[in-house]
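Numbering (the numbering used here), first residue to last: 1 to 289. In this text, a Cβ means the ideal position worked out from N, Cα and C, and glycines have one as well. Accompanying notes for the structure given below.
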Ligand SMILES: Nc1ncnc2c1ncn2[C@@H]1O[C@H](COP(=O)(O)OP(=O)(O)OP(=O)(O)O)[C@@H](O)[C@H]1O
Ligand SMILES: [Mg+2]
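Listed below in structure tokens is the structure:
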């Protein structure tokens with residue numbers, strides 16, 4: 001809880017917890033996410049080739065594979081930024097293929113990006129608050145007129161943003177300009193911003209890239225807490241196998257746009273097809289220019 005507005009923060013936290021556990025109650029047998037036979041082409045290049053997998057509610061699913069395998073493109077399809085050429089994507093049983101990216105927050109989806117794009121001139125707190133816009137009452141006019149309903153919502157959001165920053169160890173930076181923070185801290189700010197939309201499904205694209213060992217450990221703890229407290233389903237793209245082993249229930253390995261295998265992280269690490277996909281890449285990288 002934040003020292004600034006402890007009562008309001010506690011109220012928001014408690015209300016949010018019950019709201020999330022209500023909303024996030026899984027419908028028996030329906031996956032949180034179903035990707036079915038998704039194919040994506042750019043020109044003649046097949047970036048995703050008939051990819052299918054299910055993610056069970058309230059689990060953490062890892063998406064791994066060599067550079068260029070299609071992981072971010074798959075995220076872009078799920079989040080509505082890319083339109084696959086064929087296939088189907090269902091969030092909690094609802095087809096989302098025709099939904100534009102801006103609608104996805106209302107459907108319970110939030111994501112972070114491989115290269116975080118924060119408003120560098122704004123404070124960390126303002127950046128985190130941006131994540132709340134999709135679910136707040138009233139439009140921009142109501143906000144600019146500062147109607148009583150919106151200012152109450154604004155105060156509650158502010159308290160919640162400060163609480164999220166506290167949880168992720170960033171409370172001290174709330175009033176600093178985002179541009180003053182390290183790349184590793186940008187990732188944590190982006191995670192807080194994503195959580196502000198109250199997602200039920202969270203996509204994280206390389207959250208540990210550029211993080212120090214301490215920051216990775218902190219991130220693992222944060223994922224465990226938000227998953228337990230908020231009943232989230234998480235899909236995470238990551239090259240850091242230690243992190244994948246620590247936080248995932250299952251993983252899928254992609255290579256050249258196709259699914260290579262699915263199983264636990266431990267199974268993936270000893271799977272000969274996976275080892276070959278990675279060694280093949282290293283062998284190419286090791287070749288003298
Ligand atoms: N908008 C686009 N136009 C053309 N090609 C694209 C586009 N987006 C992705 N690609 C191509 O799709 C392939 C997969 O890229 P993607 O970024 O999805 O890989 P990745 O698995 O996320 O890799 P990395 O681990 O390096 O982030 C690459 O060959 C990339 O050049
Ligand atoms: Mg990527």
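1) Would you mind stating whether residue 114 and residue 206 have Cβ atoms separated by less than 8 Å?
2) Could you pull the DSSP bridge partners for residue 64 from this structure?
3) Apply the 10 Å Cβ neighbour rule to residue 120 and answer buried if 16 or more other Cβ atoms are within range, or exposed otherwise.
4) Please go through the same chain and pick out, in chain order, the residues whose beta-carbon is closer than 6 Å to the beta-carbon of residue 22, but skip the five residues on each side of it.
5) Roughly how many angstroms separate the alpha carbons of residue 215 and residue 156, rounded to a whole number?
6) Taking the Cβ atom as the reference point for each residue, do residue 291 and residue 61 lie within a distance shorter than 8 Å?
7) So does residue 235 have its beta carbon nearer than 7 Å to some heavy atom of ligand 2?
8) Between residue 168 and residue 188, how many whole angstroms is the CB-CB distance? I'm expecting something under 8 Å.
9) Which residues does DSSP list as the beta-bridge partners of residue 187?
10) For ligand 1, I want to know if residue 290 counts as a neighbour, meaning its beta carbon is within less than 7 Å of at least one of the ligand's heavy atoms.
11) Taking C-beta to C-beta, are residue 255 and residue 65 nearer than 8 Å?
12) If I'm right that residue 77 touches residue 38 with Cβ under 8 Å, what's the distance once you round it to whole angstroms?
13) Closer than 7 Å to a non-hydrogen atom of ligand 1 - does that hold for the CB of residue 187?
14) Taking all protein chains shown into account, do 16 or more other C-beta atoms lie within 10 angstroms of the C-beta of residue 127, making it buried, or fewer, making it exposed?
15) Is residue 72 near ligand 4, judged by its Cβ being under 7 Å from some heavy atom?
16) Going by beta carbon distance, what residues of the same chain come within less than 6 Å of residue 190, once the five residues before and after it are set aside?
17) Does ligand 2 have even one heavy atom less than 7 Å from the beta-carbon of residue 205?
18) Does the distance from the C-beta atom of residue 48 to that of residue 88 stay below 8 Å?
19) What residues in its chain sit with their C-beta under 8 Å from that of residue 83, if we drop five residues either side in the sequence?
20) Counting only the same chain and skipping the five closest in sequence on each side, list residues whose C-beta sits under 7 Å from that of residue 197.
On the basis of the supplied data:
1) Cβ distance < 8 Å, so residue 114 and residue 206 count as in contact.
2) Paired residue(s): 253.
3) Classification for residue 120: exposed.
4) Note that residue 22 scores 43 on pLDDT, short of 50, meaning its location in the model is unreliable; the coordinates nonetheless yield the value given after this. Annotation for residue 22: no residue places its beta carbon closer than 6 Å to its own, counting only its chain and skipping 5 residues before and after.
5) Taking the Cα positions, residue 215 is about 28 Å away from residue 156.
6) The structure shown does not extend to residue 291, since the chain is modelled only from 1 to 289, so the question has no answer here.
7) Not so, every heavy atom of ligand 2 lies at least 7 Å from the Cβ.
8) With a Cβ gap of about 5 Å, residue 168 and residue 188 count as contacting.
9) Residue 187 pairs with nothing; no bridge assigned.
10) A query on residue 290 cannot be resolved here, the shown segment of the chain reaching from 1 to 289 and no further.
11) Contact flag set, yes.
12) Here residue 77 really is in contact with residue 38; their C-beta atoms are around 6 Å apart, less than 8 Å.
13) For ligand 1, not one heavy atom lies less than 7 Å from the Cβ of residue 187.
14) Its Cβ being crowded by 16 or more others within 10 Å, residue 127 is buried.
15) As presented, the structure is devoid of ligand 4, carrying ligand 1 and ligand 2 as its sole ligands.
16) The answer, listed in chain order, is 112 and 116.
17) Taking the Cβ of residue 205 as the reference point, at least one heavy atom of ligand 2 falls within a distance shorter than 7 Å.
18) Taking 8 Å as the Cβ cut-off, residue 48 and residue 88 do not qualify as a contacting pair.
19) Around residue 83: 77 and 97.
20) Taken in chain order, the residues that qualify are 105, 110, 131, 132, 134 and 135.
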